[in-house]
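A.B. asks: In my numbering, the protein residues as written are 1 to 444.
Don't be surprised by glycine CBs; every beta carbon is placed ideally from N, CA and C.
Structure below; questions to follow.
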Amino acid sequence: MYTFSNRLKIASIVLMIVGLLGIIGGFVMAPGTIAEAKEMVASHDGGHGDAHAAEAEHATKENNHAVAEAHGEEHDSSHDQHLLDQLKNRPWAALYVAAFFFFMISLGVLAFYAIQRAAQAGWSPLLFRVMEGITAYLVPGGIIVFVILLLSVLHMNHLFIWMDETVVAHDALLQGKAGYLNPTFFLIRAAIFLAGWIGYREYSRKLSIAQDASDDDSNFKLNFRVSAGFLVFYLISESIMSWDWIMSVEPHWFSTLFGWYIFASMFVSGITVIAMVTIYLKSKGHLPDVNNSHIHDLAKFMFGISIFWTYLWFSQFMLIWYSNIPEEVTYYVTRIADYRLPFFGMVAMNFLFPVLLLMNSDYKRINWFVILTGIVILAGHYMDIFNAIMPSTVGENWFIGIPEIGAVLFFAGLFIFWIFRAISTQPLQPKRNPFIEESRHFHY
1 MYTFSNRLKI ASIVLMIVGL LGIIGGFVMA PGTIAEAKEM VASHDGGHGD
51 AHAAEAEHAT KENNHAVAEA HGEEHDSSHD QHLLDQLKNR PWAALYVAAF
101 FFFMISLGVL AFYAIQRAAQ AGWSPLLFRV MEGITAYLVP GGIIVFVILL
151 LSVLHMNHLF IWMDETVVAH DALLQGKAGY LNPTFFLIRA AIFLAGWIGY
201 REYSRKLSIA QDASDDDSNF KLNFRVSAGF LVFYLISESI MSWDWIMSVE
251 PHWFSTLFGW YIFASMFVSG ITVIAMVTIY LKSKGHLPDV NNSHIHDLAK
301 FMFGISIFWT YLWFSQFMLI WYSNIPEEVT YYVTRIADYR LPFFGMVAMN
351 FLFPVLLLMN SDYKRINWFV ILTGIVILAG HYMDIFNAIM PSTVGENWFI
401 GIPEIGAVLF FAGLFIFWIF RAISTQPLQP KRNPFIEESR HFHY
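This is the structure in structure tokens:
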């Protein structure tokens, strides 16, 4: 049985403490008045560069001047208030991006785990305890995400503009969507999804452990049926979740591919973490029956799903860019104009790096190569969520600073602490899975 080492435990706690200080610092440094917001924008030149900052400041001045002449000081004041709201949003957005990112990793692992169960895969049972440990994070991660959504409904932030009754009152499109995009129904859907995901994880884990002590395969067969049924719920709930929690931050825009797109991101991130945790445990002398063929298969999934993600990204981007419909193309115009580095950098990290590093079959068996690729993939998919949330919540006033780094460190520490604590509670190798011998002797 794996023992949660004190060194790893201390490291994860230190990450949480440092991250929490960064999160608190982000909220403390957020502007409280319009004057402070203007001063912050004027002094800010990191993340965008001096030239961009000067250009943005010049454009802002010209725009403010034109607005003042055409519409009067009232509209200029409205613009200043919007700027203040965006800068106050920044620590909230940074917190939400990191919270959702680490939550989606465990949700991606849950999907992969359910697929292995439903497919009765013979190669993967040796990895089930690793997957079950990672999915344990669904509980704290889901609660944190739900609390952030609840605080949004209570108007503690401006992440979702459709929650602002004043905005909806002057927006015919949002009024038409009010039957679906309303705070009460929004929270009800979130609660149902979280209950379904966590409920399946806990029940499947219970059956998995019970199978080890059983003298027949009844628990295994029940787990198979439950997993097959759960996948139907998962596909529906994950799509709706992506519309609610990600796409609705920009409620005037939509994409029919978005559910699959977010799924691909969480799926490859989850598989990547399975590979990295497995390699770490093997380096500590655990999982002796896991061989380089298991790592090779995980790396194949990392490679293949990265290409699948790129296919979805390009399909969505190319069709919208080519059709050039104003209400659609605005989504990408904003990101290319104000988020060029993270937008195209994300594509390089999520496609070029995995393809170049893992194309060779032999490299998929080299642990440090898989770890290196995994780090790049995870960073790239964090930027994917960053690009989905930040433009709609903070506009062009973005940069990677204390709130963003602090939030990542905090949730990374919590994630590491929670999953390794869960892994340490049960033997790492299932005993009575009918396919355990096939998994033990798996070679590719």
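So what does DSSP say about residue 396, is it helix, strand or coil?
C.D. replies: It is coil, neither helix nor strand.
A.B. asks: Taking only three categories from DSSP, how would you classify residue 391?
C.D. replies: In the structure shown, residue 391 sits in a helix (DSSP, three-state: H, G or I).
A.B. asks: Would you mind listing the alpha helix (DSSP H) stretches within the segment 116–178 that are 4+ residues and don't spill past its ends, in chain order?
C.D. replies: Whole alpha helix (DSSP H) segments, 4+ residues: 128–135, 138–153, 165–169 and 172–176.
A.B. asks: For residue 376, which residues from the same chain have a beta carbon less than 7 Å from its beta carbon, with the 5 sequence-adjacent residues on both sides left out?
C.D. replies: The answer, listed in chain order, is 349 and 353.
A.B. asks: What's the C-alpha gap between residue 346 and residue 316?
C.D. replies: Roughly 15 Å between the two C-alpha positions.
A.B. asks: Can you tell me whether residue 268 is helix, strand or coil according to DSSP?
C.D. replies: Helix.
A.B. asks: Considering only their Cβ atoms, is the gap separating residue 92 from residue 159 smaller than 8 Å?
C.D. replies: Yes, the Cβ-Cβ distance between residue 159 and residue 92 is below 8 Å.
A.B. asks: Assuming residue 493 contacts residue 430 under a Cβ cut-off of 8 Å, what Cβ separation, rounded to an integer in Å, is found between them?
C.D. replies: This structure gives no information on residue 493, because the portion of the chain shown stretches from 1 to 444.
A.B. asks: Which residues bound the alpha helix (DSSP H) around residue 321?
C.D. replies: Run containing residue 321: 292–323, per the alpha helix (DSSP H) assignment.
A.B. asks: Within its chain, find whatever has a CB closer than 6 Å to the CB of residue 258; leave out the 5 residues flanking it on each side and keep chain order.
C.D. replies: 242 and 247.
A.B. asks: If you draw a straight line from the C-alpha of residue 131 to the C-alpha of residue 87, how long is it?
C.D. replies: In a straight line, the C-alpha of residue 131 is about 38 Å away from that of residue 87.
A.B. asks: Does the segment 136–155 come close enough to the segment 300–312 to have 3 or more Cβ pairs within less than 8 Å?
C.D. replies: These segments do not touch.
A.B. asks: Quick one: is residue 290 near chain C, going by C-beta distance under 8 Å?
C.D. replies: Among the chains of the structure shown, chain C does not appear; only one protein chain is present.
A.B. asks: Are the CB atoms of residue 227 and residue 117 nearer to each other than 8 Å?
C.D. replies: Contact: yes.
A.B. asks: Using only the alpha-carbon positions, how far apart do residue 250 and residue 392 sit?
C.D. replies: Rounded to the nearest angstrom, the two C-alpha atoms are 6 Å apart.
A.B. asks: Between residue 22 and residue 405, which are expected to be in contact by the criterion C-beta below 8 Å, what is the C-beta distance as a whole number of angstroms?
C.D. replies: Indeed they touch by this definition, with Cβ atoms about 6 Å apart.
A.B. asks: Determine whether the beta carbon atoms of residue 414 and residue 140 lie at a separation below 8 Å.
C.D. replies: Against a cut-off of 8 Å, the Cβ pair of residue 140 and residue 414 comes out as a contact.
A.B. asks: Which of the three DSSP states is assigned to residue 431 in this structure?
C.D. replies: Note: residue 431 maps to coil in three-state DSSP.
A.B. asks: For the alpha helix (DSSP H) containing residue 447, list its first residue and its last residue.
C.D. replies: Since the first residue shown for the chain is 1 and the last is 444, residue 447 is missing from the structure and cannot be characterised.
A.B. asks: Specify the secondary structure class of residue 374 as computed by DSSP and reduced to three states.
C.D. replies: Reduced to three states, the DSSP call for residue 374 is helix.
A.B. asks: Where do the ends of the alpha helix (DSSP H) carrying residue 345 lie?
C.D. replies: Per DSSP, residue 345 belongs to the alpha helix (DSSP H) from 340–347.
A.B. asks: With a cut-off of 8 Å on the beta carbons, I'd call residue 402 and residue 25 a contact; round off their distance for me.
C.D. replies: That pair is a contact at about 5 Å.
A.B. asks: Taking the alpha carbon of residue 239 as the point to measure from, which residue in 7, 19, 255 and 210 has its own alpha carbon closest?
C.D. replies: Closest option to residue 239, Cα to Cα, is 255.
A.B. asks: Rounded C-beta distance between residue 134 and residue 273? I'm assuming under 8 Å.
C.D. replies: Their Cβ separation, rounded to whole angstroms, is 6 Å, which keeps residue 134 and residue 273 in contact under 8 Å.
A.B. asks: Using only the alpha-carbon positions, how far apart do residue 113 and residue 390 sit?
C.D. replies: So the two alpha carbons sit approximately 31 Å from each other.
A.B. asks: Look up residue 241 in the DSSP assignment and say whether it is helix, strand or coil.
C.D. replies: Residue 241: helix per DSSP, three-state reduction.
A.B. asks: Looking at the structure shown, is residue 386 part of a helix, part of a strand, or coil, going by DSSP?
C.D. replies: Correct three-state label for residue 386: helix.
A.B. asks: At the level of alpha carbons, what is the spacing between residue 452 and residue 31?
C.D. replies: Nothing about residue 452 can be reported from this structure: the residues present for the chain run from 1 to 444 only.
A.B. asks: I'd like the span of the alpha helix (DSSP H) that includes residue 203, first residue to last.
C.D. replies: Segment 183–213, the alpha helix (DSSP H) holding residue 203.
A.B. asks: Quick one: residues in its chain with C-beta nearer than 7 Å to the C-beta of residue 157, no 5 flanking neighbours on either side, listed in chain order?
C.D. replies: If we look at residue 157 and ignore the five residues flanking it on each side, its Cβ neighbours are 89, 92 and 151.
A.B. asks: So, for residue 329: in the same chain, excluding its five sequence neighbours on each side, which residues have a beta-carbon less than 7 Å away from its beta-carbon?
C.D. replies: Answer for residue 329: 320 and 321, listed in chain order.
A.B. asks: Can you name the start and end residues of the alpha helix (DSSP H) that residue 412 belongs to?
C.D. replies: Taken as a continuous stretch (DSSP letters only), the alpha helix (DSSP H) holding residue 412 covers 402–423.
A.B. asks: Look at the alpha carbon of residue 461 and the alpha carbon of residue 190, and state the distance between them as a whole number of angstroms.
C.D. replies: Outside the modelled stretch of the chain, which goes from 1 to 444, sits residue 461, for which no answer is possible.
A.B. asks: Under the assumption that residue 411 contacts residue 99 (Cβ atoms under 8 Å), give the Cβ distance between them as a whole number of angstroms.
C.D. replies: Right, the Cβ-Cβ distance comes to about 6 Å (below 8 Å), so this counts as a contact.
A.B. asks: Expressed to the nearest angstrom, what Euclidean distance is found between the alpha-carbon atoms of residue 502 and residue 102?
C.D. replies: With the chain represented from 1 up to 444, any question about residue 502 goes unanswered, as that position is not in the structure.
A.B. asks: Tell me whether residue 193 is buried or exposed, calling it buried when 16 or more other Cβ atoms sit within 10 Å of its Cβ.
C.D. replies: Counting Cβ neighbours within 10 Å, residue 193 comes out buried, since at least 16 surround it.
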